[in-house]
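Trainee:
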Amino acid sequence: MPEIRTETMTVNMGPQHPSTHGVLRLVLELDGEVIQSVMPTIGYLHTGIEKTAEQKKWQQVIPLVERMDYLAAQSNSLAYALSVEKLLGLEMPQRVNDIRVLIAELQRLASHLIWLGTHAMEIGAVSMLFYAIRERELLLNINELIAGFRFFPSYIRIGGLREDLPRGFHETVNEFLDRFPTKMDEFERLLTKNDIFRRRTEGVGVISLDNAYQWGLVGPIARAAGSDYDVRKYFPYCGYESYNFTVPTATEGDVYARYRVRIAEMRQSINLCRQAIARISPTGVWACDDTRVVPPPKDKVYTEMEALIQHFLIYSQGFTVPAGDAYVPIEGPRGEHGCYIVSDGSNRPWRVKMRAPSFMAIQAIPFIVQNGLIADLVAVIGSTDVVMGDCDR
Amino acid sequence: MEAAAIIDILQPLVPGAVFEPGKSVDFATIYVPADRLIETSRALRDAPALEFKVLAEVTAADYLPREPRYEVVYHLLSVSKRMRLRLKVRVPSEGSLPTVQGVWRGAGWPEREVWDMFGIVFDDHADLRRLLMPEDWEGHPARKDYPVQIRKAAQTYEPLEVSEEEFRANIERDRVKRHRV
Numbered sequence: 528m529p530e531i532r533t534e535t536m537t538v539n540m541g542p543q544h545p546s547t548h549g550v551l552r553l554v555l556e557l558d559g560e561v562i563q564s565v566m567p568t569i570g571y572l573h574t575g576i577e578k579t580a581e582q583k584k585w586q587q588v589i590p591l592v593e594r595m596d597y598l599a600a601q602s603n604s605l606a607y608a609l610s611v612e613k614l615l616g617l618e619m620p621q622r623v624n625d626i627r628v629l630i631a632e633l634q635r636l637a638s639h640l641i642w643l644g645t646h647a648m649e650i651g652a653v654s655m656l657f658y659a660i661r662e663r664e665l666l667l668n669i670n671e672l673i674a675g676f677r678f679f680p681s682y683i684r685i686g687g688l689r690e691d692l693p694r695g696f697h698e699t700v701n702e703f704l705d706r707f708p709t710k711m712d713e714f715e716r717l718l719t720k721n722d723i724f725r726r727r728t729e730g731v732g733v734i735s736l737d738n739a740y741q742w743g744l745v746g747p748i749a750r751a752a753g754s755d756y757d758v759r760k761y762f763p764y765c766g767y768e769s770y771n772f773t774v775p776t777a778t779e780g781d782v783y784a785r786y787r788v789r790i791a792e793m794r795q796s797i798n799l800c801r802q803a804i805a806r807i808s809p810t811g812v813w814a815c816d817d818t819r820v821v822p823p824p825k826d827k828v829y830t831e832m833e834a835l836i837q838h839f840l841i842y843s844q845g846f847t848v849p850a851g852d853a854y855v856p857i858e859g860p861r862g863e864h865g866c867y868i869v870s871d872g873s874n875r876p877w878r879v880k881m882r883a884p885s886f887m888a889i890q891a892i893p894f895i896v897q898n899g900l901i902a903d904l905v906a907v908i909g910s911t912d913v914v915m916g917d918c919d920r
Numbered sequence: 013m014e015a016a017a018i019i020d021i022l023q024p025l026v027p028g029a030v031f032e033p034g035k036s037v038d039f040a041t042i043y044v045p046a047d048r049l050i051e052t053s054r055a056l057r058d059a060p061a062l063e064f065k066v067l068a069e070v071t072a073a074d075y076l077p078r079e080p081r082y083e084v085v086y087h088l089l090s091v092s093k094r095m096r097l098r099l100k101v102r103v104p105s106e107g108s109l110p111t112v113q114g115v116w117r118g119a120g121w122p123e124r125e126v127w128d129m130f131g132i133v134f135d136d137h138a139d140l141r142r143l144l145m146p147e148d149w150e151g152h153p154a155r156k157d158y159p160v161q162i163r164k165a166a167q168t169y170e171p172l173e174v175s176e177e178e179f180r181a182n183i184e185r186d187r188v189k190r191h192r193v
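Top line first, the protein sequences correspond to chains A and B. Note that my numbering numbers the first sequence so that position 354 is 881, with each residue one more than the last. Note that my numbering numbers the second sequence so that position 142 is 154, with each residue one more than the last.
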């Protein structure tokens, strides 16, 4: 009998593939259905935001960084604002911190809903996407309420927030928080004990904690492998230390564990939102009282000369930030979001660099899927929850 | 932990190296000489009092016209000790520094990005190619002397022209290959 000749096959997946979450291109080397190697190619969504930011005044960078991770826009701007405030030495009033916590947690819910919908859809549960998007729509409505913009509200500013909360904000948020837990139960009834879903995800794409740390992965991927590292607990910001919540973890490190960790995180986020909205008064301060950064209130601008000058200076020249550098990490939906900023003491940043969790996750994908099946690759990409805007910046 | 305390732990592990605490507003910053970077990184990762097991990111900043021109910045995280640390390496223009891929595997792409954006060479890097920019891009965009807006002619490729003889030859060669075994 003649010897059967075998050779590996090279397959191009992406950059326009429905399960690559944007424009990720993977060059796969396959032996039958088994993956021999994966070479990710990124950069299709590189827009030079970090370079552009160097030409803008400090406050003008906020809308730019929000467009990096477009599914978690406000966690980018929060990381950036906290870093600049660190250099300026600003302390936020309690109410501003509480509103920021609320917004960050609503953003986490919105981002996790997209993850849940697309991840489940990619491994066969198509209807999941519609249920998840339906709930996310309500969160986008809240964004529209606070800023008139659904995706990139730019509501978080250096020195506080853009303006006070609108009328009807508490009712809208409370309505959502009352409705959402039952929807979470619905999602879980569809997936958590679903036999098909579990067979596609259990034992697939396993990464151990040591390897996760080696590859620089923190956030939900490391927590699914047994880490309890959560920036909100380890390096609290915005007063997270005064909130009562737990950090969900799992030990298996597979796709299903990552699913359970994120689902539990969503329930914790609801819990955090409830605590935050209870603390926030309907009206009150929405910025710190530092006159370098925050323009004076309008009634003073119209009546006092100094206030008018200050208002004019802030909007024409911007403000200066003391020379130095700062990096304040926050717990974004995908892991540690952090913004490294360098100032030379002028009114424009010298360097802005966002630490992108998706970037590190895509780097580790070849390691996670090695010797796995090609169908598992789709499950792994979904479970790492990568966003190419975050990765390529 | 303060930068001075970390240097005290490092000094016996990396004898002879000159560490310098840096100014910072958030957490400890240490300047490391480029030729002792790998030993220092390994000591930071393995010393029981430090355990910086996670390299959160690698980035750089261009301080043109100052010399040494670049600072490469490493953000480290110690989960067990609840600490963060910023390592800085001064790199002159046309200079290079060693890769820390052997210490933290995740350093590969961030270092590639720094090379792509700043043109800072990481010696012995396994795969130092363009990452975010196209493979045939000229220049390193994040440098301060790189213009913000430049006009470049769009790259176009001539349509593939194959004569009939070449086409037949190609098919023939392919057929030979397929029947060879």
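Heads up, the beta-carbon is just placed ideally off N, CA and C, and yes, glycines get one too.
If you follow the beta strand (DSSP E) that Thr-41 (chain B) is in, where does it begin and where does it stop?
Mentor: Per DSSP, Thr-41 (chain B) belongs to the beta strand (DSSP E) from 41 to 43.
Trainee: I'd like to know if the region 668 to 679 of chain A and the region 689 to 704 of chain A are in contact, where contact means that at least 3 CB-CB pairs between them fall below 8 Å.
Mentor: Flag = yes, the region 668 to 679 of chain A and the region 689 to 704 of chain A touch.
Trainee: Can you tell me whether DSSP reads Cys-765 (chain A) as helix, strand or coil?
Mentor: Here Cys-765 (chain A) sits in coil by DSSP.
Trainee: Less than 8 Å between the C-beta atoms of Asn-898 (chain A) and Val-565 (chain A), yes or no?
Mentor: No, these two residues do not count as a Cβ contact at 8 Å.
Trainee: Would you say Val-820 (chain A) and Pro-620 (chain A) are within 8 Å of each other, going by their C-beta atoms?
Mentor: Contact flag unset, no.
Trainee: Taking only three categories from DSSP, how would you classify Gly-862 (chain A)?
Mentor: DSSP places Gly-862 (chain A) in strand when its eight states are reduced to three.
Trainee: Quick check: the Cα distance between Ser-885 (chain A) and Arg-716 (chain A), rounded to an integer number of angstroms?
Mentor: Each residue's alpha carbon lies about 29 Å from the other.
Trainee: What is the residue span of the beta strand (DSSP E) that Lys-710 (chain A) lies within?
Mentor: Segment 696 to 718 is the alpha helix (DSSP H) holding Lys-710 (chain A); no beta strand (DSSP E) there.
Trainee: Who are the near neighbours of Val-193 (chain B) in its chain, counting only those whose CB is closer than 8 Å to its CB and skipping five residues on each side?
Mentor: Low per-residue confidence applies at Val-193 (chain B): pLDDT is 44, beneath 50, and the placement is therefore not dependable enough to give any value.
Trainee: Within the region 566 to 637 of chain A, note down every full alpha helix (DSSP H) run reaching 4 residues or more, in order along the chain.
Mentor: Taking only runs of at least 4 residues, the alpha helix (DSSP H) segments lying wholly in the region 566 to 637 of chain A are 576 to 580, 588 to 593 and 600 to 615.
Trainee: Quick one: what's got a C-beta closer than 7 Å to Trp-127 (chain B)'s C-beta in the same chain, skipping five residues either side?
Mentor: Cβ neighbours of Trp-127 (chain B) beyond the five flanking positions: Val-133, Phe-134 and Leu-140.
Trainee: Can a CB atom of chain B be found closer than 8 Å to the CB of Gly-766 (chain A)?
Mentor: It does not; no Cβ of chain B falls within 8 Å.
Trainee: Asn-670 (chain A) lies in the alpha helix (DSSP H); which residues open and close that run?
Mentor: Here the alpha helix (DSSP H) through Asn-670 (chain A) covers 654 to 674.
Trainee: Would you list, in chain order, the members of the region 67 to 78 of chain B that have their beta-carbon closer than 9 Å to a beta-carbon of chain A?
Mentor: For the region 67 to 78 of chain B, which is checked against every Cβ of chain A, the residues closer than 9 Å are Leu-67, Ala-68, Glu-69, Thr-71, Ala-72, Ala-73, Asp-74 and Tyr-75.
Trainee: Taking Pro-122 (chain B) as part of the alpha helix (DSSP H), name the residues at either end of that continuous run.
Mentor: Segment 120 to 130, the alpha helix (DSSP H) holding Pro-122 (chain B).
Trainee: Relative to the C-alpha of Leu-617 (chain A), which candidate in A:Phe-657, A:Ala-814, A:Ala-850 and A:Asp-558 has its C-alpha closest?
Mentor: When only C-alpha atoms are compared, the closest one is A:Ala-814.
Trainee: Looking at chain B, which residues of the region 739 to 754 of chain A have a Cβ within less than 8 Å of any of its Cβ atoms?
Mentor: Within the region 739 to 754 of chain A, the qualifying residues are Tyr-740, Gln-741, Trp-742, Gly-743, Leu-744, Val-745 and Ser-754.
Trainee: Less than 8 Å separating the beta-carbons of Arg-878 (chain A) and Val-869 (chain A)?
Mentor: Going by C-beta atoms, Arg-878 (chain A) is nearer than 8 Å to Val-869 (chain A).
Trainee: If I measure Cβ to Cβ from Ala-834 (chain A) and keep anything under 7 Å in the same chain, skipping five residues before and after, which residues do I get?
Mentor: Once the five neighbours on either side are set aside, the close Cβ partners of Ala-834 (chain A) are Pro-823, Lys-827 and Val-828.
Trainee: Specify the secondary structure class of Ile-683 (chain A) as computed by DSSP and reduced to three states.
Mentor: Note: Ile-683 (chain A) maps to strand in three-state DSSP.
Trainee: Which residues in chain A sit within 7 Å of Val-37 (chain B), going by Cβ to Cβ distance?
Mentor: Per Cβ cutoff of 7 Å: Lys-613, Leu-614, Gly-851 and Ala-853.
Trainee: Which bits of chain B does Met-595 (chain A) rub up against, with CB to CB less than 8 Å?
Mentor: The contacting residues do not exist; Met-595 (chain A) stays about 13 Å from chain B at best.
Trainee: How long is the line joining the alpha carbons of Trp-742 (chain A) and Val-774 (chain A), rounded to whole angstroms?
Mentor: Distance between the alpha carbons of Trp-742 (chain A) and Val-774 (chain A) is about 22 Å.
Trainee: For Val-193 (chain B), does the three-state DSSP call read helix, strand or coil?
Mentor: Residue placement at Val-193 (chain B) is flagged as unreliable, the pLDDT there being 44, under the threshold of 50; a coordinate-derived value is accordingly withheld.
Trainee: Identify, in the order they occur along the chain, each residue of the same chain with its Cβ nearer than 8 Å to the Cβ of Leu-144 (chain B), setting aside the five sequence neighbours on each side.
Mentor: These residues qualify, in order along the chain: Glu-125, Asp-128 and Met-129.
Trainee: Please classify Asp-20 (chain B) as buried or exposed, where buried requires at least 16 other C-beta atoms within 10 Å of its C-beta.
Mentor: Answer is exposed; the Cβ neighbour count stays below 16.
Trainee: Compute the beta-carbon to beta-carbon distance between Val-91 (chain B) and Tyr-756 (chain A), rounded to the nearest angstrom, for a pair I have assumed lies under 8 Å.
Mentor: Yes, Val-91 (chain B) and Tyr-756 (chain A) are in contact; Cβ-Cβ is about 5 Å, under 8 Å.
Trainee: Counting only beta-carbon atoms, is Val-193 (chain B) nearer than 8 Å to chain A?
Mentor: Confidence is the limiting factor: at Val-193 (chain B) the pLDDT is only 44, short of 50, which leaves the residue's position unreliable and the question unanswerable from this model.
Trainee: Any contact between the region 710 to 724 of chain A and the region 631 to 639 of chain A? By contact I mean 3 or more CB pairs, one from each, below 8 Å.
Mentor: They do not touch, by the three-pair rule.
Trainee: First and last residue of the alpha helix (DSSP H) that includes Ser-735 (chain A)?
Mentor: Note, Ser-735 (chain A): premise wrong, no alpha helix (DSSP H); not H, not E.
Trainee: Taking the straight line between their C-alpha atoms, what separation do you get for Gly-651 (chain A) and Val-907 (chain A)?
Mentor: Approximately 14 Å between the Cα atoms of the pair.
Trainee: Can you pull the chain B residues whose beta carbon is under 7 Å from the beta carbon of Tyr-756 (chain A), in chain order?
Mentor: Simply Val-91.
Trainee: With DSSP collapsed to three states, give me the class of Phe-886 (chain A).
Mentor: Three-state DSSP puts Phe-886 (chain A) in a helix.
Trainee: Specify whether the region 33 to 47 of chain B and the region 87 to 103 of chain B touch according to this definition: at least 3 beta carbon pairs, one from each stretch, less than 8 Å apart.
Mentor: Segments in contact, yes.
Trainee: Could you give the distance in angstroms between the alpha-carbon of Ile-807 (chain A) and the alpha-carbon of Leu-666 (chain A)?
Mentor: Cα-Cα distance, rounded: 18 Å.
Trainee: Consider the Cβ of Tyr-761 (chain A): report whether some Cβ of chain B lies at a distance smaller than 8 Å.
Mentor: By this cut-off, Tyr-761 (chain A) is an interface position.
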